[in-house]
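Chains E and H, in that order, are what the protein sequence lines are.
Using the numbering used here, read the first sequence as starting at 606 and increasing by one per residue.
Using the numbering used here, read the second sequence as starting at 25 and increasing by one per residue.
The beta-carbon is built from N, C-alpha and C at its ideal position, and this holds for glycine as well.
I have placed the structure first, in the form of structure tokens, so that the comments after it can refer back to it.
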Amino acid sequence: MVLTRRAEFSASHVCASPKLSDAENRALYGLAANPNGHGHNYVVEVSIEGKPDAVTGMVFDLRELKEILNAQVIEPMDHRFLNREVPPFDRVVPTTENIAAEIWRRLEPAIARENVRLKNVRLYETADLYVDCEGK
Amino acid sequence: MKLTRRYRFCASHRLDVPQLSAEENRRLYGKCNNPYGHGHDYVLDVTVEGPIDETGQVADRVKLDEWVSAKVLQQIDHKNLSNEVIGLKDSVATTENLAKLIGDSLAEDWPLVARLRRVRIMETDRNIFELEMA
Chain E
606 MVLTRRAEFS ASHVCASPKL SDAENRALYG LAANPNGHGH NYVVEVSIEG KPDAVTGMVF
666 DLRELKEILN AQVIEPMDHR FLNREVPPFD RVVPTTENIA AEIWRRLEPA IARENVRLKN
726 VRLYETADLY VDCEGK
Chain H
25 MKLTRRYRFC ASHRLDVPQL SAEENRRLYG KCNNPYGHGH DYVLDVTVEG PIDETGQVAD
85 RVKLDEWVSA KVLQQIDHKN LSNEVIGLKD SVATTENLAK LIGDSLAEDW PLVARLRRVR
145 IMETDRNIFE LEMA
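Next up, the structure:
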């Protein structure tokens, strides 16, 4: 069975690679390359797959999941400038793909246990763009 | 990793097939058989899949948007699907057939490294059609 929990955080970022010129970054990332940054209301949906526990009837304790999400993702990223305040985005371009992959890396070890695994991280940058990361 | 981008288009259509009588078409398609047609604000989700490239992206959004615009939106936005859209003139403009047309149109000469994975159309908030691409 798959359980999904949603959370939100708001953050600013710049999409620009230090390996490219300003003009190349503008051509590649468009408005997102503005060096002063811009922001989004990100929505993250975390899906966990497992068997409901024989005693509790739950795939995962939702209170514990909320605490893990808060500690690993929301508190470090909410109302932050990702490039300047949240590693590894001081050296990794904080595209939606890379943020989703980082969220996966932070959550996967905290969630994995017997018969339970992190299945998918869906990250909405806007209502019109999201990525799904299954750890690959 | 998969990336999904949402697009919108507005179009009209009429559901009616020549193999059935007028009465049978009315019974089968109901209000959708209205001879004058009717329209929807369609929502189109296009999903592509691939590894993250050196730019940190699965796919270049601008290239994806340009492709969807050229191959789909410019052909069907603010059109009558039943009368004007090549590819639907000879088949009834159900959203199933529309999804197939959109999937085939996008796949032909597909220009991105990322693979075209899925086309999902919301005809209304209540009627949703998904086509997984081979």
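For Tyr735(E), the C-beta contacts it makes with chain H under 7 Å involve Thr28, in order along the chain. Sorting Arg710(E), Arg727(E), Asn639(E) by C-alpha distance to the C-alpha of Gln677(E) places Arg710(E) at the top. Identification of chain H residues near Glu702(E) by a Cβ-Cβ cut-off of 8 Å yields Met25, Leu27, Ile76, Gly80, Gln81, Val82, ordered along the chain. The beta carbons of Thr701(E) and Leu667(E) sit no closer together than 8 Å. Between Val648(E) and Arg696(E) the beta-carbon gap is near 26 Å, outside 8 Å, which marks them as no contact. Counting the other Cβ atoms within 10 Å of the Cβ of Cys738(E) gives 16 or more, which makes it buried. Taking a contact as a CB-CB distance under 8 Å, the pair Arg139(H) and Val72(H) counts as one, their CB atoms being some 6 Å apart.
The C-beta of Lys724(E) comes no closer than 8 Å to any C-beta of chain H.
A check of alpha carbon separations from Pro699(E) across Ile679(E), Val726(E), Gly644(E), Glu629(E) identifies Gly644(E) as the nearest.
Residue range 139-146 is occupied by the beta strand (DSSP E) that includes Leu140(H). At a cut-off of 8 Å between beta carbons, Gly655(E) makes no contact with chain H.
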